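J.:
Chains as they are written, first to last, in this note's numbering: chain A, 2 to 601; chain B, 811 to 923.
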């Protein structure tokens, strides 16, 4: 096999054994890799109804065929498991350098099963695999653990690890790699913690070969040239990064503020991309083989939040700041650093804080339940609570389980802003109807990375669509969801799609694998992956009833600004979406659709 | 007077975040910017009496494409927001795909983290 390494490493933590298995070429052909093939492996191997934190859940580290090939941005890996946060399928995606190193060790997939008796870490040193004790690392931050693991193994090893949040099974826990990159959403860090795995360390020297090197080089060069020529991937993202969105979305009136109680934030300018670029930004930085380099290396040089690291990105800036009504950029940045070090998803953690603040201000959380007041706009409360959550101390023990659990505990689940118990990202679906539909139907719960209709609703690309209207949004959502599933399967970064399209990625994949992929087939594979995820969720006990939005989004109009009075008009879009998907009225794929997708 | 807010690289080009203008329509507001910011700057925003394909203008948060375009009336208390939609310093799209100039939505899409 070319591009694929042709091997799966299976680690049974209960027995302390490892073995390699051949990768089935037919499955690889049909699901590509990454999110697609990882989902296929998971759905074949686990009971969807199992307890996500039980030993029989599996944690799959999945690379794509283009991961480690040198294709621009070909450095992605996915973490696929059953989510403890949502009870649905989880697939979290990360960049950095860890994914390629797994390929350089000779593996496409790592499957972790069972549970170690004591904390361990995996040491992948080319063909050699060791399960090593990690007792001395337990309790360490991701940064401390990574430094120690490199000292104990190889200074150039690549590390993914969990922080204290993951060790303590927080549903907000993520898996961090290269210190600042996160497989963030859906609580995948808690699953790793439940297996008593602190980290995976990889150092490999094997190259990834491609089927037709000359064609691959030509296709790669064409992609790089397009990415460099694109003002977005060649200039915009490196210069400003994603936080430039703050002012734009605020101007549109659907920047969710104070737990979605408002659609505009009076402090937006203070936390905007323009302000970040003028204040805390040190430089931009790229992941493996990346020709975009959008990461924000930042530093708070003085004051009580002094520190250095990476971020905030737009979503983190919003969740930790705007969502909590905080305009202190230094405090937001500090909270972002803490999330990275303690191993928490910035979105889920930030929304948990915002949810708690609303519950507190409304008097639903008794003052005696928290060690200090939790009010919107209180920067010190934000930083304090994030740290409490990371260590699961005091009120932070509950808040670390995410906003849904907090709202449910205090009798007001309707005040949790999310879908399938996963928090919304930084766009209010009331003002952007396509996002409302995308959130409601996302297989992993509320997510902007499963169908980014902001593209058409704000930027007019590839065509302008009025964000307030529902017409045509079902078709766009389905298309974007399927294409995203394809891109997530090959091992490239979604940011490439600012400058290139699936029509550029398909020939790159074909030249790398020699497997005969066409563009149409790639899109069909995306649809297959989406439906496979859906089938898993249905078997897990979710249904069409979970394709919904919180009462606030459905029934309470945005109180002021350009989107004043708007609500999420899901009922106008969902039936059409189901129909376009080939699902019945209850959101179940029909037999005909499953047969068409070779899933029957 | 209406207020015009610049974002991203347009702000850098303007050298300021906001400017107050007195105008009857969006077109006249953008033209007035030539006097207050510079004629070269105004040329970035309006070419051949039309918006360049990469420039977005909001009037009180609504894209003027969904209103009356450059003829959209402007009142003294209004707020205009001007930004690049993906070109020259703004994440959101690529030149080839903008405004139907490139491949259609089946094979061209844009996502943002």
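We treat Cβ as the ideally placed atom computed from N, Cα and C, and that holds for glycine.
Since the model is a prediction, treat every value here as computed from it, not as a measurement.
Determine the DSSP secondary structure at residue 348 of chain A, reduced to helix, strand or coil.
T.: helix
J.: Where residue 273 of chain A and residue 330 of chain A are concerned, what is the direct C-alpha to C-alpha distance, given to the nearest angstrom?
T.: When only Cα atoms are considered, residue 273 of chain A and residue 330 of chain A end up about 9 Å apart.
J.: Quick one: grab the DSSP three-state call for residue 557 of chain A.
T.: coil
J.: Go through its chain and collect everything with a Cβ distance to residue 899 of chain B's Cβ below 7 Å, but skip five positions before and after it.
T.: Bear in mind that a pLDDT of 32 at residue 899 of chain B, under 50, signals an unreliable position, so the model cannot answer this.
J.: I'd like to know if residue 893 of chain B contacts chain A, where contact means its C-beta is closer than 8 Å to some C-beta of that chain.
T.: yes
J.: Using a Cβ-Cβ cutoff of 9 Å, what residues of the segment 825 to 845 of chain B are near chain A? List them in chain order.
T.: 827
J.: For my contact list, residue 575 of chain A and residue 441 of chain A are in at a C-beta cut-off of 8 Å; report their separation, rounded to the angstrom.
T.: 7 Å
J.: Of all the residues that make up the segment 313 to 334 of chain A, which are near chain B by a beta-carbon distance shorter than 9 Å?
T.: 314, 315 and 316
J.: If the cut-off is 8 Å on Cβ atoms, which residues from the segment 874 to 886 of chain B count as contacting chain A, listed in chain order?
T.: 875 and 876
J.: How far does the beta strand (DSSP E) with residue 487 of chain A in it reach, from first residue to last?
T.: Careful: residue 487 of chain A lies outside any beta strand (DSSP E), inside the alpha helix (DSSP H) at 474 to 491.
J.: Whose C-alpha, out of A:569, A:557, A:592 and A:601, is nearest the C-alpha of residue 262 of chain A?
T.: A:557
J.: Which residue marks the beginning of the alpha helix (DSSP H) containing residue 847 of chain B, and which one marks its end?
T.: No alpha helix (DSSP H) holds residue 847 of chain B; DSSP gives it neither H nor E.
J.: For the alpha helix (DSSP H) containing residue 46 of chain A, name the first residue and the last one.
T.: 35 to 46
J.: Would you mind listing the alpha helix (DSSP H) stretches within the segment 297 to 347 of chain A that are 4+ residues and don't spill past its ends, in chain order?
T.: 315 to 321 and 330 to 343
J.: Does the separation of the CB atoms of residue 513 of chain A and residue 70 of chain A fall below 8 Å?
T.: yes
J.: Let me know the secondary structure DSSP gives residue 613 of chain A once reduced to three states.
T.: In this structure chain A extends from 2 to 601, so residue 613 of chain A is not present and cannot be described.
J.: Note down the Cα distance separating residue 449 of chain A from residue 235 of chain A, rounded to an integer number of angstroms.
T.: 23 Å
J.: Does chain B have any CB closer than 8 Å to the CB of residue 460 of chain A?
T.: yes
J.: Which of helix, strand or coil does DSSP assign to residue 523 of chain A?
T.: If DSSP states are grouped into helix, strand and coil, residue 523 of chain A belongs with the helices.
J.: Mind pulling the alpha helix (DSSP H) runs of 4 or more residues that sit fully within the segment 92 to 126 of chain A?
T.: 99 to 105
J.: Output needed in chain order: residues of the segment 269 to 283 of chain A with a Cβ under 9 Å from some Cβ in chain B.
T.: 270, 273, 274 and 275
J.: Do residue 110 of chain A and residue 39 of chain A have their CB atoms nearer than 8 Å?
T.: yes
J.: Have a look at residue 16 of chain A and residue 132 of chain A and give me their C-alpha separation to the nearest angstrom.
T.: 11 Å
J.: CA-CA distance, residue 230 of chain A and residue 500 of chain A?
T.: So the alpha carbons of these two residues sit roughly 8 Å apart.
J.: Any Cβ of chain A within less than 8 Å of the Cβ of residue 861 of chain B?
T.: No, its Cβ sits nowhere closer than 8 Å to a Cβ of chain A.
J.: Return yes when the Cβ of residue 530 of chain A is within less than 8 Å of the Cβ of residue 506 of chain A, no when it is not.
T.: no
J.: Measure the CB-CB distance between residue 335 of chain A and residue 283 of chain A and report whether it falls below 8 Å.
T.: no
J.: Following the continuous alpha helix (DSSP H) through residue 236 of chain A, name the residue where it begins and the one where it ends.
T.: Boundaries cannot be given for residue 236 of chain A, as no alpha helix (DSSP H) includes it and DSSP labels it neither H nor E.
J.: Under 9 Å between beta-carbons, which chain A residues line up against residue 868 of chain B? List them in chain order, please.
T.: Here the neighbours are 249, 252, 253 and 563.
J.: Tell me, please, whether the segment 44 to 55 of chain A touches the segment 117 to 134 of chain A by the rule of three or more beta-carbon pairs shorter than 8 Å.
T.: Here the segment 44 to 55 of chain A does not lie against the segment 117 to 134 of chain A, with fewer than 3 beta-carbon pairs under 8 Å apart.
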